[in-house]
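Input: a single structure, listed below in structure tokens.
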Amino acid sequence: MASSLSDPEDSAAKEPIRSGEQYVESLRGRDMKVYLFGELVDEPVDHPMIRPSINAVAETYDLAVRNPELATAISPLTGERVNRFLHIAGSPEDLVRQNKMQRRLGQLTGTCFQRCVGMDALNSLHSVTFEIDAAGDSEYHGRFLEFVRMVQSRGFVIGGAMTDVKGDRGKAPHEQDDPDMFVRVVRRTEDGVYVSGAKAHQTGCINSHWLLIMPTMRLGPEDRDYAIVGAIPADARGITYVYGRQSCDTRSMEEGDIDAGNAGFAGQEAMILLDEVFIPNEYIFMDGEYDFAAMLVERFTCYHRRSYVCKSGVGDVLIGAAATIADYNGVDRASHIRDKLVEMTHLNETIYSTGIASSYQASEMKSGVYQNDDMIANVCKHHVTKMPYEIGRLAQDLAGGLMVTAPSQKELDHPEIGELIRKYLKGRKEIATEDRLRILRLIENMTLGRNAVGYLTESMHGAGSPQAQRIQIGRQMQLEFKKHLAKNLAGIAPDSAEEISAEISDYMARVIGID
Ligand SMILES: Cc1cc2nc3c(=O)[nH]c(=O)nc-3n(C[C@H](O)[C@H](O)[C@H](O)COP(=O)(O)OP(=O)(O)OC[C@H]3O[C@@H](n4cnc5c(N)ncnc54)[C@H](O)[C@@H]3O)c2cc1C
Ligand code: SF4
Numbered sequence: 009m010a011s012s013l014s015d016p017e018d019s020a021a022k023e024p025i026r027s028g029e030q031y032v033e034s035l036r037g038r039d040m041k042v043y044l045f046g047e048l049v050d051e052p053v054d055h056p057m058i059r060p061s062i063n064a065v066a067e068t069y070d071l072a073v074r075n076p077e078l079a080t081a082i083s084p085l086t087g088e089r090v091n092r093f094l095h096i097a098g099s100p101e102d103l104v105r106q107n108k109m110q111r112r113l114g115q116l117t118g119t120c121f122q123r124c125v126g127m128d129a130l131n132s133l134h135s136v137t138f139e140i141d142a143a144g145d146s147e148y149h150g151r152f153l154e155f156v157r158m159v160q161s162r163g164f165v166i167g168g169a170m171t172d173v174k175g176d177r178g179k180a181p182h183e184q185d186d187p188d189m190f191v192r193v194v195r196r197t198e199d200g201v202y203v204s205g206a207k208a209h210q211t212g213c214i215n216s217h218w219l220l221i222m223p224t225m226r227l228g229p230e231d232r233d234y235a236i237v238g239a240i241p242a243d244a245r246g247i248t249y250v251y252g253r254q255s256c257d258t259r260s261m262e263e264g265d266i267d268a269g270n271a272g273f274a275g276q277e278a279m280i281l282l283d284e285v286f287i288p289n290e291y292i293f294m295d296g297e298y299d300f301a302a303m304l305v306e307r308f309t310c311y312h313r314r315s316y317v318c319k320s321g322v323g324d325v326l327i328g329a330a331a332t333i334a335d336y337n338g339v340d341r342a343s344h345i346r347d348k349l350v351e352m353t354h355l356n357e358t359i360y361s362t363g364i365a366s367s368y369q370a371s372e373m374k375s376g377v378y379q380n381d382d383m384i385a386n387v388c389k390h391h392v393t394k395m396p397y398e399i400g401r402l403a404q405d406l407a408g409g410l411m412v413t414a415p416s417q418k419e420l421d422h423p424e425i426g427e428l429i430r431k432y433l434k435g436r437k438e439i440a441t442e443d444r445l446r447i448l449r450l451i452e453n454m455t456l457g458r459n460a461v462g463y464l465t466e467s468m469h470g471a472g473s474p475q476a477q478r479i480q481i482g483r484q485m486q487l488e489f490k491k492h493l494a495k496n497l498a499g500i501a502p503d504s505a506e507e508i509s510a511e512i513s514d515y516m517a518r519v520i521g522i523d
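Using this note's numbering, the first residue of the sequence shown is number 9, and each one after it goes up by one.
Written out as structure tokens, the structure is:
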């Protein structure tokens, strides 16, 4: 494979990546084919539009250096302290700490810091590879653990590539007119497999060192070639990236740092085109076991739907921005302003509470990894499809219209017009007009601009569109048990407490504490 990352001798010689700076350097000089604005990018690290997304990932390293309790863990696989994004959860506390780290990183970056998809993929593959092996004679789990050891000891970023382009949503992979609508094995050799197809909306993929390719939906016997899970170096031969545009993204390429709103940090999504990309046997963790695809998707989305606690950290920034603009405008003591800030906080903490509850109510899987509660994870993500929009609406209410009608930084800095802009766009006299404009641009960035991708639309569709959560919630709502409770109290079908308790299972058993 044509990649420095997959060369074991090269890997052995290198120290783990620890700081943000080392991470940024680790991305340089890779021969990646990245299209942006119809051209190949020479060096993504130095591209002004891409760099803020790299900075957001770099922060995951720097937080680990500053606060190891929060953002690292001792790995039982290596015996070493590793970045928490690479750690396999060995207890509910590990899952809770993931959430706390995610909230903190949302606060520090105000955007998507991109590493949770890989973290959740690693944790879900731990139990799924174990259970595939237990059902047959495969050796996926051992290979997978070797892979985890390797990425932990090098401190790599892992991208989780699940979503296929999917073509006709009403058809299974094998039913599509074009068989490439889902990633599949196109060729096999003794040494491994070649895969082709495309993955859409891939968070942080160009900023990753390795990609984990996974199926996106339940598969049947005729979809066997689509049941492939494997690890691929992000710079492997045969991969082309097509950068996703974000609203107002070219502001990062302009002079000045005010109009960007958040000049330091941004998210990243790109399309990954795979043209006969080779995966050697040692990096294949599922090949043909179509009946385990649904298990993998469900376990991954279960982790990932409570990872959206990240949005409560981003929400903290937006609430802070809304409170600041009210202060700058001289209305911070008005009762309706305070009430709106209370409402924003209530919504934001609702997201956090459900995410963290899902992590606390975790169960140990057969492989030893801990899996968070599926019902509450789905409730958390379903809140996330709505509440950031309402928080964003309230932030825009408090901001006033200037957040979308303000002139550019060039006018503010202009020798003639600049003074008039500073005079007429002033709020409270103690506050510099520039600061007022900066905070308005941040609110614009988070609710309409570049980071609205992460705060709003990613909240809607990432880890599955709202209906996907409603299906999961519906499956677990245990209506017969609840009907029984009601009928019992209404005197329709009175039963003893013991008889009703006997029906407690699944989600309700986790709530009440019966295993
Ligand atoms: C910002 C962002 C980041 C993301 N990051 C990642 C990532 O890192 N890795 C990754 O793997 N994925 C990622 N995703 C993908 C995400 O999981 C998908 O967007 C999501 O699963 C929805 O798929 P879709 O976008 O193709 O929408 P569609 O599937 O086209 O859905 C559009 C609408 O159609 C409905 N629909 C779809 N299929 C059916 C059906 N069969 N029957 C009835 N209704 C249907 C949906 O409910 C929805 O309302 C990301 C998405 C976004 C927006
Ligand atoms: S959307 Fe949130 S959970 Fe997903 S990768 Fe970005 S920061 Fe992590």
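Quick reminder that beta carbons are idealized off the backbone N, C-alpha and C, glycines included.
Practice task
Below 6 Å CB to CB, which residues in the same chain sit around G521 once its five sequence neighbours on both sides are set aside?
Solution key: none
Practice task
Could you tell me if the beta carbon of S177 falls within a distance shorter than 6 Å of some heavy atom in ligand 1?
Solution key: It is worth fixing the name first, because residue 177 is Arg in this sequence and not Ser. R177: yes, Cβ under 6 Å from ligand 1.
Handout entry: Check whether I287 and I214 have beta carbons under 7 Å apart
Key = no
Practice task
Flag G167 as yes when its Cβ comes closer than 6 Å to any non-hydrogen atom of ligand 2, and as no otherwise.
Solution key: no
Handout entry: Start and end residues, alpha helix (DSSP H) containing F489
Key = L487 to L497
Practice task
Please classify G400: does DSSP put it in a helix, a strand, or coil?
Solution key: helix
Problem - I82 burial status per 10 Å Cβ neighbour count (16 or more: buried) - result: exposed
Problem - DSSP state of P223 mapped onto helix, strand, coil - result: coil
Exercise for the section: Using three-state DSSP, classify K22 as helix, strand or coil. Expected result: coil
Problem - Given 8 Å, three or more beta-carbon pairs between the stretch 29 to 45 and the stretch 244 to 260 - result: yes
Problem - Nearest-angstrom Cα separation, counted from Y316 out to E419 - result: 38 Å
Exercise for the section: Note down the Cα distance separating S367 from C124, rounded to an integer number of angstroms. Expected result: 14 Å
Exercise for the section: Work out the CA separation of H492 and A510 for me, nearest whole Å. Expected result: 12 Å
Exercise for the section: Would you check if the distance between the CB atom of G87 and the CB atom of G126 is smaller than 7 Å? Expected result: no
Problem - Segments assigned alpha helix (DSSP H), at least 4 residues, entirely inside the stretch 15 to 98 - result: 16 to 21, 28 to 35, 59 to 74 and 76 to 79
Problem - First through last residue of the beta strand (DSSP E) which encompasses D283 - result: E277 to P288
Practice task
Go through its chain and collect everything with a Cβ distance to Q160's Cβ below 6 Å, but skip five positions before and after it.
Solution key: S83, T86, V90 and L94
Problem - Given R151 as reference, the closest of R162, A143, L133 and G163 once Cα atoms are compared - result: L133
Practice task
Whole angstroms is fine: what's the gap from H422's alpha carbon to D405's?
Solution key: 29 Å
Exercise for the section: May I ask you to check if the CB of C318 is nearer than 6 Å to at least one heavy atom of ligand 2? Expected result: yes
Exercise for the section: At 3 residues or longer, and completely inside the stretch 92 to 180: list those beta strand (DSSP E) runs for me, N to C. Expected result: 166 to 169
Practice task
Spell out a yes or no on whether the stretch 330 to 350 and the stretch 137 to 147 are touching, meaning 3 or more CB-CB pairs, one atom from each, closer than 8 Å.
Solution key: no
Exercise for the section: Please classify I479: is it buried, with 16 or more other beta-carbons within 10 angstroms of its beta-carbon, or exposed? Expected result: exposed
Problem - F300 versus M279, P229 and D265, residue with shortest Cα-Cα distance - result: P229
Practice task
Below 7 Å CB to CB, which residues in the same chain sit around A20 once its five sequence neighbours on both sides are set aside?
Solution key: Reliability of the predicted coordinates at A20 is poor, the pLDDT of 48 falling under 50, and the value obtained from them is presented with this limitation in mind. Once the five neighbours on either side are set aside, A20 has no close Cβ partner at all.
Problem - Residue range of the beta strand (DSSP E) that includes G530 - result: Here the chain has residues from 9 to 523 only, and residue 530 is not among them.
Handout entry: Whole-number beta carbon distance between R192 and G7, since they are thought to touch under 8 Å
Key = With the chain represented from 9 up to 523, any question about residue 7 goes unanswered, as that position is not in the structure.
Practice task
Indicate whether M294 and V237 have their beta-carbon atoms separated by less than 7 Å.
Solution key: yes
Problem - First through last residue of the beta strand (DSSP E) which encompasses K418 - result: That residue, K418, is in no beta strand (DSSP E); its alpha helix (DSSP H) goes Q417 to L420.
Exercise for the section: Just mark L35 as buried or exposed, buried being the case when its beta carbon has 16 or more other beta carbons within 10 Å. Expected result: buried
Problem - Inter-residue spacing [alpha-carbon to alpha-carbon] between M485 and G462 - result: 30 Å
Exercise for the section: Taking I429 as part of the alpha helix (DSSP H), name the residues at either end of that continuous run. Expected result: G426 to Y432
Problem - Start-to-end residues for the beta strand (DSSP E) that takes in R444 - result: Segment T441 to T455 is the alpha helix (DSSP H) holding R444; no beta strand (DSSP E) there.
Practice task
My understanding is that G269 touches R449, with C-beta atoms under 8 Å, so please give their C-beta distance in whole angstroms.
Solution key: 4 Å
Practice task
Quick one: grab the DSSP three-state call for I333.
Solution key: helix
Exercise for the section: Can you give me the Cβ contacts of D340 inside the same chain, cut-off strictly under 6 Å, excluding the 5 residues immediately before and after it? Expected result: A334
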